[in-house]
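J.: The structure follows.
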Amino acid sequence: MTTPARHVTPDQLREQLGDPRLRVVDATVHLTFDERGAHVESGRSSYEAAHVPGAVFVDQVTELSDPDGEAPFAVVDADRFAEVLGGHGIGDGDHVVVYDSVNGIWATRLWWQLGLEGFDRVSVLDGGLAAWQAAGHDTVAGVETLPPATFTARRRPGRIASTADVEAAADDPAVLLVNALDAEQHAAGHIPGSVNVPFGDLVDEAGRLRPREELRALFAAVGALDPGRRPVTYCGGGIAATAAAFALAEVGREDVAVYDGSMNAWTADPSRPLQRQVSPS
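Residue 928 in my numbering sits at position 257 of the sequence shown, with consecutive numbering throughout.
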């Protein structure tokens, strides 16, 4: 069984909609910020208003985040993940195409979680729902479901990093920490030794992944393509970090780990160091 392409265009997805083994998943989550901090809202209402025909909705907030994890959005264990995916009709032999209706990082989050559990038959819809609509393809409203299926989770521990792993990596020249937050956030405080590749730089103005040669240039500039160093991506909450992991996989780095707790977990202990970039006066 061949592994499908890592990302698909709207037209390619449209051509596949009749495939009985295709499973389209809307993974939208709405994340907003104000003076009180971050606020997370399920994307279920957005899905019910408009989604790709045949798509099911997987709620990453309530179904795939562990409330007892070391930080918000912590991954659930493998058994829970298998229960949720199977309950949504996603089975071992299916081809999953995941998208979101915001900025793409929630689609890559589910792409990463599927890969973490040993499932590689997953593609991301390039540009998400906006690209689907821009291509002139129809959407439907309401809720769609599929009969339950058997999903077998086989966790790959090397694809996830804990806070203890990141602390141990501080003095390890074979590990490169890649911060996927924007440059201003990186400058305000990051894990010492990190390099910065903002997730927004990985896509074009329409939210589509940049060409491989452009991605290679971005990552090569910070040493992330050095075969002697293993990238570990992080961000604020482990979401944008998966976009960086996705882009790194696109240029051949299949060995990337995501620091799931990211800055939420790192800063939970005020004794952990932060490095700040001082602007020239």
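Note that beta-carbon positions come from the ideal geometry of N, C-alpha and C, so glycine has one too.
If you're wondering where the values come from, they're calculated on a predicted model, not measured in any experiment.
Answer yes or no: do T913 and T779 have a C-beta to C-beta separation smaller than 8 angstroms?
T.: Their beta carbons are under 8 angstroms apart, which means T913 touches T779 by this criterion.
J.: Flag this pair as yes or no: are the beta carbons of V696 and L781 separated by less than 8 angstroms?
T.: Yes, they are a contact pair.
J.: Is it buried or exposed for G764, if we count other Cβ within 10 angstroms and need 16 for buried?
T.: Result: exposed.
J.: Straight-line CA distance for A820 to D842?
T.: Taking the straight line joining both Cα atoms gives about 45 angstroms.
J.: Hey, out of G799, R883, A915, whose CA is closest to A928's CA?
T.: Considering only alpha carbons, the answer is A915.
J.: By how many angstroms is the C-alpha of G725 removed from the C-alpha of L688?
T.: The alpha-carbon atoms of L688 and G725 are separated by roughly 8 angstroms.
J.: Hey, could you find the ends of the alpha helix (DSSP H) P681 is sitting in?
T.: 681 to 687 is the extent of the alpha helix (DSSP H) around P681.
J.: Considering only the alpha carbon of each residue, which of D809, G909, D771, Q784 lies closest to A742?
T.: If we check each option's Cα against that of A742, G909 comes out closest.
J.: Which whole runs of the alpha helix (DSSP H) in the stretch 863 to 942 are 4 residues long or more, in chain order?
T.: List check, alpha helix (DSSP H) in window: 883 to 891, 911 to 921, 933 to 937.
J.: Could you check the C-alpha separation between L945 and G762 for me, to the nearest Å?
T.: L945 and G762: Cα-Cα distance of roughly 43 angstroms.
J.: Just to confirm the assignment, what range does the beta strand (DSSP E) spanning H766 have?
T.: Here the beta strand (DSSP E) through H766 covers 766 to 770.
J.: Beta-carbon within less than 6 angstroms of V922's beta-carbon, same chain only, minus the 5 sequence neighbours each way: which residues are those?
T.: Cβ within range, chain order: R883, L886, R887.
J.: Start and end of the beta strand (DSSP E) containing D697?
T.: Where D697 is concerned, the enclosing beta strand (DSSP E) stretches over 693 to 697.
J.: Would E933 and G907 be called neighbours here (beta carbons separated by less than 8 angstroms)?
T.: Note that residue 933 corresponds to Ser in the displayed sequence, not to Glu. Yes, these two residues count as a Cβ contact at 8 angstroms.
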